[in-house]
Structures are given as structure tokens and as C-alpha cells.
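K.L.:
Numbering-wise (the working numbering), the first sequence opens with residue 121 and increments by one. The beta carbon of each residue, even a glycine, is placed where N, CA and C say it ideally should be. Owing to the predicted nature of the structure, the values given are computational and were not obtained by experimental measurement. One structure, as C-alpha cells, below. Some questions next.
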Amino acid sequence: MERILARNVAGHSGETITISGWLHKKRLLGGLNFISLRDRSGLTQTLIENKDEIEKLRGLQIGTVLSLTGVVVADERAPGGAELHDVTVEVLEPVTDEPPIEIDKPISHKADNLDSLFEFRVLNIRNLQEQKIFKIRNTIIQQFRSYLVEREFMEMDTPKILGKPTEGGAEVFTFDYFGQDASLAQSPQFYKQILVGAFERVFEIGHAYRAEPSATTRHMSELTMLDVEVGFVTSHDDVLNLIGDMVYDVLRATYERHADDLRSLNAPELKLPASSADIPRFTIAEIHEMYTKATKTDTTKEKDLIPDEERWIADYARKQFGSDLVYAKDFPAEAGKFYHKFTGDTVAWADLLFRGLEIATCPLRESNYSKMVEQMTNAGLNVEEEGFKYYLQAFKFGLPMHGGCGLGIDRVVQKTIGLGNVKESTLFPRDINRLTP
RNA sequence: GCGCCUGUAGUGAAGUUGGCCUAUCACGCCUCCCUGUCACGGAGGAGAUCGCCGGUUCGAAUCCGGUCGGGCGCGCCA
């Protein structure tokens with residue numbers, strides 16, 4: 121018999137149907153037994169009065185894979201307005217071991233219990249509340265993708281196995297690759313710039329690897345990044361307009377589609393200005409000045425924003441401009457890297473902050489070959505090196521002015537829902553001491 | 001890496017100024033009762049050498065030293 125999903129059961133009133141899924145909850149009231157079955161679309165309640173049928177479930181634990189066949193009866197007392205009666209039970213995969221956690225109860229997300237959260241991840245993702253996190257994540261990724269595809273961005277797949285790292289900065293993982301020194305990509309940056317030289321507009325949603333020994337609520341060793349790069353921009357503002365509008369659009373759509381889920385997860389209310397063009401933008405120097413004035417902590421000598429400053433400016437933007445998003449732009453020139461576009465004392469690079477956390481870096485790149493060679497040389501890099509050879513080819517043979525962003529998907533999900541730790545937004549997080557599951 | 005906090009049944013918690021702890025509670029699990037449950041309810045039961053090692057003491061979950069695991073903040077962060 122055709123399998124009917126939980127969400128469609130009510131539409132088959134009066135018919136005999138078969139549902140399949142996992143035993144989610146038993147409520148045995150004696151002669152009246154409620155069994156709820158979970159499938160990918162939700163729960164179905166079934167009513168089993170026949171003692172022989174309920175006996176088939178004796179000794180079987182939550183998670184047992186079942187097919188239940190019965191008549192759909194509309195009843196207001198049933199969750200969803202309908203349930204199965206006169207049920208025949210067929211056990212497809214019996215589970216006799218007691219699950220180590222309860223999957224129909226709230227899963228603790230207290231910081232102290234995060235280790236248990238991930239230790240039992242395989243099972244707690246069967247919890248419907250826990251699943252909401254990953255359904256929201258899925259929507260966020262889909263929204264980013266469709267925003268970009270609609271604007272003629274091409275989705276790309278660039279290698280994560282790279283040669284020996286040449287440029288410093290973030291620590292990379294290195295390993296033996298058939299006798300050669302290899303490393304894991306910390307970013308698809310070089311590739312996306314190269315691809316701008318062919319396709320103008322590209323993006324990638326993929327993993328990036330960081331070997332920094334960071335033990336914070338916002339870092340992981342393996343993260344999911346959205347990398348966007350667009351050619352033929354005419355200013356840094358073009359880049360900020362595009363990325364700001366994209367994030368604005370994705371957050372709006374996600375809050376719309378998952379209003380109920382976000383409410384049940386106690387997500388903060390979304391505050392955005394009337395238009396994405398109104399996302400407040402402050403220079404790093406302005407933020408240092410305002411922060412120093414407000415807190416008496418002098419940060420004017422800092423190159424970057426300190427974490428507390430990020431939270432402070434976010435709070436300021438929310439109160440003064442009604443915006444959960446804020447740009448911190450124009451980093452001091454000494455913070456810039458060789459691939460950035462420099463404009464006097466500052467570098468055309470902005471961070472997009474969402475609720476006090478950096479979710480994206482949005483730079484404008486240097487696109488002129490001679491300038492690149494000069495900036496690399498000034499940075500003490502050897503332009504003849506293998507790692508730069510192919511990268512520089514793209515410049516030598518013509519790149520338009522371009523810029524884009526590297527955006528942390530995990531952080532967007534974390535902050536959208538209001539999770540305390542970025543790992544909670546990730547199915548199987550990797551950090552400095554977790555490699556499993 | 002540094003600082004602070006933390007580690008008690010399968011899970012989540014209480015107890016941590018040493019003795020009344022033979023370690024408490026909730027959920028889960030097992031047995032039984034229960035015809036409208038939906039965090040079902042009721043009766044009973046099993047389940048913990050209190051992270052590990054050592055020390056102090058008549059006596060340690062509790063104090064001390066070490067060690068391992070975990071968390072938070074900072075640092076690092078193309």
C-alpha cells in the first residue's frame with residue numbers, strides 16, 4: 121500500500137491508509153493506547169485498542185521503525201484533527217536498546233551541556249524542536265542561493281585540497297598528499313577571484329578549514345561559508361549594497377517562512393530598517409571614537425574591533441537605527457592584506473555585523489596586475505611561488521574591478537535563532553577537541 | 001595559549017561551611033493498574049564505587065595536591 125505522510129493523513133478521512141516512520145511516543149492508557157509515529161513531515165497519532173496489536177510493541181523502544189495501517193478518523197481531540205483507528209502494527213526494524221536521551225523532550229542547550237548535545241547528536245536531531253534549527257538553516261542556505269542565482273551568479277565548486285600554503289594569516293591544516301605537502305582551504309578566495317575573470321559573478325557554499333586554536337562561542341575548525349565575488353563593480357559601496365541587500369532579503373524571507381518555528385525557539389524579534397540601503401555604516405575610526413567616549417576604554421589604537429566593541433556598535437545600531445545589521449567599514453591601511461584595494465589611510469574592507477557578531481567580511485579587491493605584484497612584493501611575498509602563479513595569471517590577463525564577501529553561514533543561523541554558541545547551529549561541529557560524530 | 005568556572009544513575013538537576021549521605025529529586029527504563037492521552041495519571045522496582053589518582057582525617061561527593069574531560073571570557077582569527 122502507498123505510504124501516506126503525516127502531513128497528508130487528515131486528507132484521507134474515512135480511508136484505510138498505511139503510514140511508516142519511527143515510534144515517537146507511547147501513551148498506554150490500558151484499553152486505550154496512543155502511539156505517535158514520526159516521519160519526515162511530522163507526527164501522526166494512532167489509537168490502538170486491540171491488545172494483540174499493542175503487544176507487538178512490548179519491549180520495543182522509541183525509534184523502532186514501524187508501518188501502521190488503519191482507518192483515518194477525523195477527531196478534534198487528535199493532534200492535527202485526525203488519527204488512525206483499527207490499527208495493524210508491522211515492525212520493520214525493532215529497537216530494543218533504551219535510547220540514552222529522550223527525544224520528545226526539550227534538549228538542553230545550556231553551555232554546560234553542549235558536550236552531551238553533540239555526544240548524542242545522532243539521536244537528538246530526531247527531536248522535533250532540534251530539527252527546527254536545521255530546517256531554518258536549510259531555508260537560509262536556499263534563500264542565499266536563490267537570491268544569487270536570480271541575479272545571474274554562477275555556483276561554483278572549488279578545491280578544498282590545496283598545495284602548501286604560501287600566504288600567512290589564518291593557520292591552515294597541513295597533511296601529506298602522496299608525498300607532497302598539502303593543506304586544507306581556509307577560503308575559496310583565490311579561486312573565486314580567478315572565476316570572476318571568466319564568469320563575472322560567482323558564489324560558493326562550502327566548507328572552509330581553520331587551524332586556529334580558538335576556543336570561543338563563535339569559532340569552529342570546519343565552517344560553512346558563503347563566498348560571493350562580483351566583477352565590474354565601480355566602488356566599495358557597490359559591494360556593500362549588494363551584500364547588505366542579500367542578507368537583508370534572506371533574513372526577511374527566513375523570518376517570514378519560519379515565524380512559528382522562530383517564536384518557539386525564542387528567537388529575538390528581527391529589527392531591520394525600511395530598506396537595505398539604510399543598513400547603518402560606520403567607519404572603524406568612528407566606532408573606536410564612539411566606543412571610547414561611551415565606555416572610557418580607549419580602542420583608538422586598535423586595528424580591528426574588539427569583541428566588546430562589536431557588541432556595543434550592534435546595540436547602538438539597534439537602538440538608534442532599528443537595525444540588527446550594521447557595517448563596520450574602512451579598516452586602517454595597516455590591517456589590509458595584499459589583495460585589498462587601498463584608498464589612502466584606509467582599506468576598502470568592511471565587516472557586516474549581525475546582532476553583535478561579525479558574519480561577513482566584504483572587501484573590494486585590487487584588480488590591477490602591476491599593483492598586485494607591487495602589493496605582494498611590499499608584503500614580502502614571492503610572486504614567483506607556485507601558490508601565486510596561477511592566481512596572478514588571472515590578473516595578468518585581465519580582471520575587472522571586483523569585490524564580494526565571505527560569509528559565515530553557521531554564524532548567521534546562530535544569530536538568527538539566538539543560539540549561544542555557533543556549534544549549536546551545526547549538525548556535526550568540529551572544534552579544537554571534537555572530531556566526532 | 002592565558003584567566004575564571006565546572007565534572008554526582010542513561011539524561012537533567014540538588015547536596016559541596018566534612019558526620020544526620022546507607023547520596024535526594026525529575027525524566028527515561030522494568031512490572032502492574034488505567035477507554036481520550038498529547039510533558040497522561042497512579043502503585044511498586046532496578047539503576048551512581050559522586051571524572052580519575054593520591055593525600056589529610058576516627059570519618060571525604062564535600063578539604064588539599066595532581067591529572068583528565070567540559071564550559072565561558074580573552075588572545076589567535078584568510
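On the three-state DSSP scale, how would you describe His356?
P.N.:
helix
K.L.:
Please confirm if the segment 335–345 is in contact with the segment 269–285, defined as three or more CB-CB distances below 8 Å between the two stretches.
P.N.:
no
K.L.:
For Pro483, write down the residues that DSSP places opposite it in a beta bridge.
P.N.:
Its beta-bridge partners are Trp469.
K.L.:
Quick one: is Phe295 buried, meaning 16 or more other Cβ sit within 10 Å of its Cβ, or exposed?
P.N.:
exposed
K.L.:
For Leu539, I'd like the list of residues in its chain whose CB is within less than 8 Å of its CB, leaving aside the five on either flank, ordered along the chain.
P.N.:
His229, Ile253, Val533 and Ser545
K.L.:
Report the three-state DSSP secondary structure of Ser236 (helix, strand or coil).
P.N.:
helix
K.L.:
Between Asp365 and Lys255, which are expected to be in contact by the criterion C-beta below 8 Å, what is the C-beta distance as a whole number of angstroms?
P.N.:
Not confirmed; about 24 Å, so no contact.
K.L.:
Taking only runs of the alpha helix (DSSP H) that begin and end inside the segment 484–555, which ones reach a length of at least 4 residues, in chain order?
P.N.:
489–498, 506–516 and 529–537
K.L.:
Nearest to Asp159 by alpha carbon, out of Gly183, Ala448, His408 and Thr354?
P.N.:
Gly183
K.L.:
Roughly how many whole angstroms lie between the Cα atoms of Ile529 and Pro214?
P.N.:
38 Å
K.L.:
DSSP three-state call for Asp277: helix, strand or coil?
P.N.:
Annotated three-state conformation of Asp277 is coil, per DSSP.
K.L.:
Using the rule of at least 16 other Cβ atoms within 10 Å of the residue's Cβ for burial, across every protein chain shown, is Asp444 buried or exposed?
P.N.:
buried
K.L.:
Could you tell me the boundaries of the beta strand (DSSP E) in which Leu163 lies?
P.N.:
Under the DSSP assignment, Leu163 falls in the beta strand (DSSP E) whose first and last residues are Gly162 to Ile168.
K.L.:
Please state if the CB of Ile325 and the CB of Ile261 are separated by a distance shorter than 8 Å.
P.N.:
yes
K.L.:
Nearest CA to the CA of Gln313: which residue from Ile537, Gly526 and Leu472?
P.N.:
Gly526
K.L.:
Please return the same chain residues whose Cβ sits closer than 6 Å to the Cβ of Ala373, not counting the five positions on each side in sequence.
P.N.:
Gln263
K.L.:
To which residues of the same chain is Thr216 closer than 7 Å at the C-beta, ignoring the five residues directly before and after it?
P.N.:
Shown here for Thr216: same chain residues with a beta carbon closer than 7 Å to its own, the five before and five after excluded, namely Gly179, Leu180 and Gln181 in chain order.
K.L.:
Would you mind sorting Val269 into buried or exposed? The rule is 16 or more other CB atoms within 10 Å of its CB.
P.N.:
exposed
K.L.:
Which word fits Glu169, buried or exposed, when buried means at least 16 other C-beta atoms lie within 10 angstroms of its C-beta?
P.N.:
exposed
K.L.:
Locate the beta strand (DSSP E) running through Ser312, then write down its first and last residues.
P.N.:
The question names Ser, but residue 312 in the sequence shown is Lys. It is not in any beta strand (DSSP E) - Lys312 instead sits in the alpha helix (DSSP H) that spans Gln309 to Phe319.
K.L.:
If distances are taken between C-alpha atoms only, which option among Asp195, Ser396 and Leu512 comes closest to Tyr447?
P.N.:
Looking at the Cα atoms, Ser396 is the closest of the given residues.
K.L.:
Is DSSP giving Lys146 helix, strand or coil here?
P.N.:
Lys146: strand per DSSP, three-state reduction.
K.L.:
Quick check on the burial criterion: 16 or more other C-beta atoms within 10 angstroms. Buried or exposed for Met492?
P.N.:
buried
K.L.:
Going by other Cβ atoms of all chains shown within 10 Å of its Cβ, with 16 needed for buried, is Thr166 buried or exposed?
P.N.:
buried
K.L.:
Quick one: measure Cβ to Cβ for Pro219 and Leu186, integer angstroms, because I've assumed they're closer than 8 Å.
P.N.:
Actually they are not in contact, since the Cβ atoms of Pro219 and Leu186 sit about 15 Å apart, beyond 8 Å.
K.L.:
Exposed or buried, Met121, counting other C-beta atoms within 10 Å across all chains shown (16 or more means buried)?
P.N.:
exposed
K.L.:
Considering Cα atoms alone, identify which of Tyr267, Glu272 and Phe310 is closest to Thr278.
P.N.:
Checked all of Tyr267, Glu272 and Phe310; the closest Cα to Thr278 is Phe310.
K.L.:
Determine the closest residue to Thr336 out of Ile137, Tyr368, Asn541 and Ala455, with distance taken between C-alpha atoms.
P.N.:
Asn541
K.L.:
At which residues does the alpha helix (DSSP H) containing Arg265 begin and terminate?
P.N.:
Leu248 to Glu270
K.L.:
Quick one: using the 10 Å Cβ neighbour count with 16 as the cut-off for buried, is Glu210 buried or exposed?
P.N.:
exposed
K.L.:
Taking only three categories from DSSP, how would you classify Ser384?
P.N.:
helix
K.L.:
Between the C-alpha atoms of Asp301 and Val503, what's the straight-line distance to the nearest angstrom?
P.N.:
Pairing Asp301 with Val503, the inter-Cα distance amounts to about 19 Å.
K.L.:
CB-CB under 8 Å to Leu113, same chain, minus the five flanking residues each way: which ones, in chain order?
P.N.:
Limits of the chain in this structure are 121 at one end and 557 at the other, which puts residue 113 out of reach.
K.L.:
Measure the C-alpha to C-alpha separation of His327 and Ile552 and round it to an integer number of angstroms.
P.N.:
Spanning the two alpha carbons is a distance of roughly 16 Å.
K.L.:
Count the other CB atoms, across all protein chains shown, that sit within 10 Å of the CB of Gln495; report buried if there are 16 or more and exposed otherwise.
P.N.:
buried
K.L.:
Can you give the beta carbon distance from Tyr329 to Leu362, rounded, assuming they're within the 8 Å contact cut?
P.N.:
Incorrect: roughly 27 Å between the Cβ atoms, too far for contact.
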